[in-house]
Every structure is written in C-alpha cells, then in structure tokens.
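Visitor: Take a look at the following structure, please.
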Amino acid sequence: MAYVAPAVFVLVLVGLLPFLWSIWVSFLNLAGSTRSGDFVGLANYQKLLSDTKLWAALGRTFLIMAVALPVQLVLGMLLALHFQAERPGKKLFVALLALPAVISPMVAGSMWRLMFDHRFGPVNQMISAFTEKPVVLLWVVKGSLPFWSIVVAEVWQWTPFMFIILLAAIANVDRDQMQAAALDGAHRRHVFWYVVLPAIRPVLIIAVLIRALDLFRLFDVVWQLTKGGPGNRTETISVYMYIQGFQGFQTSYVAAIVVVLAIVLSSVLMLALRRVRLDR
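Its first residue numbered 565, the sequence shown is counted upward by one per residue in our numbering.
If you want it as structure tokens, here you go:
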C-alpha cells in the first residue's frame, strides 16, 4: 500500500478534488473569476438540456469521431500488418511513421493551417500541379472544407498511435497458430480474421477507447485551424466549453457540462473495460 500511496495522492489531488469542486460549482451561479455565487440548484443542468448550441457542438464532435476514428483504425491496422514481418529499414520507417504522434497538437494545428493556406499552402499547390490548372480552395473557411481539414489533420497525427499499438499487439500473436492456419490452407485474410483479430481484440478495444476519448475532447487542432468557425460550423464540445467559460464567463454552467460528460463517459468506459475483461 505504501508503494501506491503517492500515485493515489496525485490522482486525488489532480483528478478527484477538481471534479468534486466542479460538482459544487455547478449548483451555483459563478461567473468569471468571482469566488462566490448564489445557490441555484439544478438551474444549470436544466439550461444544459435545452441548450441547442451545446447539442449541436456535441453532434459535430461525434461526427468528427465517426469519420476520423475508423480511418485511423484502418490505416493503422494496414500499416501494422505491413510491418509485422522483418523488412529492410523497418526500424527507420517505423520511427519516421511515429513522428507525427509526438508533435504537440497545437503545433500540428498551426502547421496544417499553413499547409492549407489558400495562397501559399503546399496542399493547393500540389492539387494545382496534379490537375494542371490553378486551384484555390479555402480549406478553413468555405463549405465543408473546414470539417475535412480537421479530419485530415487528426488522421495524419494520430494514425501513428494506432499503428504502434497494433504493431506491438500483432507481434505478440502466437506465430505457431498463424503458421498452422496457413499450412491448413487458410487465406491470409482468414488468418487475420480468425487468428490475429481475436488475439488482439482486447488491445484493439483499448486503443479505440483511448482515441475516442481523445477525439471527444478535441480542442487544439480545431482551435488552431478554425477556432470553431466559420460561424460555429466546426465548434466541438471542448471549443464550445472554452468559449462559454473563458469568453462568456459562465463558470458554473461549464462546470455542469463537465459533470454530466464525466459521468456519461465514465459509464461508457467502465462498460467497455468490462467487455475487455469478459473477452479475456
């Protein structure tokens, strides 16, 4: 017990206490940096239920997740399957492919904003070179392009995470089972589907959960690319909470949102982890 006491203390200090404070604040009407407010009961929670902008931001967050997460998973799996065998320069290529994941999301967002620049960005220049005619796409302004620019940036940065996790999981699959299936005449896709995939399913679920939770709190890349615009068309739940809390000074209302989201996400996480334990 003495060995884990420091870790438990840190978790309580940085996790539990702020959450308990958020619960208390959610029943007040604190605004900005004021230290006191009137008790308003469930008023902030009632406001939350009828806030159409909040639900719209939540919907956009899930939409980004629904598009970016499967792409990251599929690309990460394909790369992991490709590099599971020993190849010339494998270590170098794996190291290079992992680089985007170690870049700060804020830096990645700034970099992609420069790349999507409609005047000097290399993305438009490459499209122009490929189509052999001038192309000026307003990636962070026009139509659905801001949404796709966020998806591209997220896929580029976090596919390497899925790749590394899945590569390590596949490396631990029993090679004897794979070889036995191959000798019995099983096609490679059957070996993957019936041998590899069941073996890596627990790791796969954990990797998907980590990425889903990370996409749910997506802020950095969105803020650097579009700041939730144009209008609020790319405003995710984290961006919405930031704007409400730090620009609208609705401290108690944001605390109520935090409490509800924390309870819902914790419940989903516990159910998913229970499924992982059952799979084992």
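The beta-carbon is built from N, C-alpha and C at its ideal position, and this holds for glycine as well. These figures come from a predicted structure and were not determined experimentally.
Does the stretch 811-826 come into contact with the stretch 584-592, if we say contact requires no fewer than three beta-carbon pairs (one atom in each stretch) closer than 8 Å?
Guide: Contact holds: three or more Cβ-Cβ distances are below 8 Å.
Visitor: Which stretch, first to last residue, makes up the alpha helix (DSSP H) that contains Y701?
Guide: Reading off the sequence, residue 701 comes out as Leu, not Tyr. Here L701 belongs to no alpha helix (DSSP H), and DSSP marks it neither H nor E.
Visitor: Between K654 and the rest of its own chain, which residues show a CB-CB distance below 8 Å, the 5 nearest in sequence each way excluded?
Guide: Excluding positions up to five away in sequence, the list reads F647.
Visitor: F603 by DSSP, collapsed to three states: which one?
Guide: Strand.
Visitor: Have a look at I628 and T800 and give me their C-alpha separation to the nearest angstrom.
Guide: Taking the straight line from one Cα to the other gives about 9 Å.
Visitor: For N736, tell me which candidate among L709, G749, V767 and A717 has the shortest Cα-Cα distance.
Guide: If we check each option's Cα against that of N736, V767 comes out closest.
Visitor: Mapping the DSSP letters down to three states, classify L592 as helix, strand or coil.
Guide: The answer is strand: DSSP assigns L592 an E or B state.
Visitor: Using the C-alpha atoms, what's the distance from W712 back to E718?
Guide: When rounded, the distance between both Cα atoms is 10 Å.
Visitor: Which word fits W619, buried or exposed, when buried means at least 16 other C-beta atoms lie within 10 angstroms of its C-beta?
Guide: Exposed: under 16 other Cβ atoms inside 10 Å.
Visitor: Here's the rule: buried if 16 or more other CB atoms are within 10 angstroms of the residue's CB, otherwise exposed. What is I729?
Guide: I729 comes out buried.
Visitor: For T723, which residues of its own chain have a beta-carbon under 6 Å away from its beta-carbon, when the five flanking residues on both sides are left out?
Guide: The residues are Q636, L639 and G640.
Visitor: Between M834 and R775, what straight-line distance do the alpha-carbon atoms span, to the nearest angstrom?
Guide: In a straight line, the C-alpha of M834 is about 16 Å away from that of R775.
Visitor: Restricting to Cα atoms, I'd like to know which of R838, Y817, Y806 and L782 is closest to F626.
Guide: When each option's Cα is compared against that of F626, the closest is L782.
Visitor: Could you tell me the distance, in whole angstroms, from the CA atom of L777 to the CA atom of V759?
Guide: Going by the C-alpha atoms only, they are around 28 Å apart.
Visitor: Does DSSP classify E799 as helix, strand or coil?
Guide: E799 falls in the coil class under three-state DSSP.
Visitor: In whole angstroms, what is the alpha-carbon distance linking I691 and K697?
Guide: Their Cα atoms are separated by approximately 9 Å.
Visitor: So the alpha helix (DSSP H) I807 belongs to, where does it begin and stop?
Guide: Taken as a continuous stretch (DSSP letters only), I807 belongs to no alpha helix (DSSP H), as it is neither H nor E.
Visitor: In whole angstroms, give me the CA-to-CA distance for D740 and G809.
Guide: Cα-Cα distance, rounded: 56 Å.
Visitor: Curious, which full-length alpha helix (DSSP H) runs of at least 4 residues does the stretch 626-692 contain?
Guide: You should have 654-662 and 669-679.
Visitor: So, V785 versus P669, is the Cβ gap smaller than 7 Å?
Guide: Contact flag set, yes.
Visitor: On the CB-based measure, 16 or more other CB atoms within 10 Å of its CB, does R683 come out buried or exposed?
Guide: R683 comes out exposed.
Visitor: How is P794 classed by DSSP in three states: helix, strand or coil?
Guide: DSSP places P794 in coil when its eight states are reduced to three.
Visitor: Just verifying my parser: in three-state terms, what is the DSSP assignment at A750?
Guide: Three-state result, A750: coil.
Visitor: Using alpha carbons as the reference points, say which of L622, N608, K611 and F603 lies closest to V828.
Guide: Cα-wise, what sits closest to V828 is L622.
Visitor: Of all the options V700, V772, V578 and R839, which has the alpha carbon lying nearest to the alpha carbon of F725?
Guide: Closest by alpha carbon: V772.
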